[in-house]
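Following: one structure in structure tokens, then a few remarks.
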Amino acid sequence: MTVDEFKAWLEGFETAMNGNPPTAEQWSRIKEKIQKLSGTTQATSRIPLPNGWNDRMREFDLPRVRYS
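Its first residue numbered 1, the sequence shown is counted upward by one per residue in the UniProt record's numbering.
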């Protein structure tokens, strides 16, 4: 089963549930379908995140906040 086929199956499954949360039996069925997935998905783009304190911005470079 491909990812697109799983998405279509899950959308139908959700519709059949009429807004109710899945039971334990239904969750096990969903997990079975996930195990049958084939293929890989790729991220379309990656956005670099800052490294925290070492992101080339020092405390004295930050704008001053004034409280009135």
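Built from N, CA and C at the ideal position, the CB exists for glycine as well.
| Item | Value |
| --- | --- |
| Keeping to the same chain, check which residues put their C-beta closer than 8 angstroms to that of Met1; ignore five residues upstream and five downstream. | Trp9, Lys33, Lys36, Leu37 and Ser38 |
| Alpha carbon to alpha carbon, what distance is there between Glu14 and Phe6? | 12 angstroms |
| Hey, how far is the Cα of Gly19 from the Cα of Asp4? | 22 angstroms |
| Roughly how many angstroms separate the alpha carbons of Ala16 and Val65, rounded to a whole number? | 54 angstroms |
| Please report the straight-line C-alpha distance between Ile30 and Tyr67, rounded to a whole angstrom. | 54 angstroms |
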